[in-house]
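Numbering (this note's numbering), first residue to last: 1190 to 1314. All C-beta atoms, glycine included, are put in the ideal place defined by N, C-alpha and C. None of the values given here were measured: they were computed from a predicted structure. Each remark here refers to the structure printed beneath this line.
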């Protein structure tokens, strides 16, 4: 089963991501904050995790650091923060890729397909 967890505090964006991933064949779980997202990942480690940087309870970088050892699949950060330093922090935290908002759903799906064709980043530890 191909599963995804979307950790995004903006309800509209989270629902849009859920639709895009469902149409791509994923079983999707959505979470509005880092704690709920980590709980979802712990309950069923996903094939793909999409993580926003700006979450209400913790930064997405911390979510990625905590999730990486549990996620055998890909972790992609999706954020409005577009500075190179933000992307570097995401990759250093353990994300496989850092994409920026706003996004076009069709292009995002193409980017995710390309990311998923690559090897998964190994957990450091």
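With 16 or more other CB atoms across the displayed protein chains lying within 10 angstroms of its CB, residue 1194 is buried.
Shown here, residue 1272 sits in coil according to DSSP, grouped into three states, outside any helix or strand.
Here residue 1193 carries a strand assignment [DSSP, helix/strand/coil]. Assignment of beta-bridge partners to residue 1283 by DSSP yields no partner. Contact check for residue 1241 against residue 1202 passes: the beta carbons are separated by less than 9 Å.
The alpha-carbon of residue 1297 is positioned some 23 Å away from that of residue 1251. Beta-bridge partners of residue 1289 (DSSP): 1268. By alpha-carbon distance to residue 1244, the top candidate from 1285, 1258, 1267, 1234 is 1267. The shortest CA-to-CA distance from residue 1300 to any of 1254, 1258, 1209 is the one to 1209.
The C-alpha of residue 1223 lies about 7 Å from the C-alpha of residue 1196.
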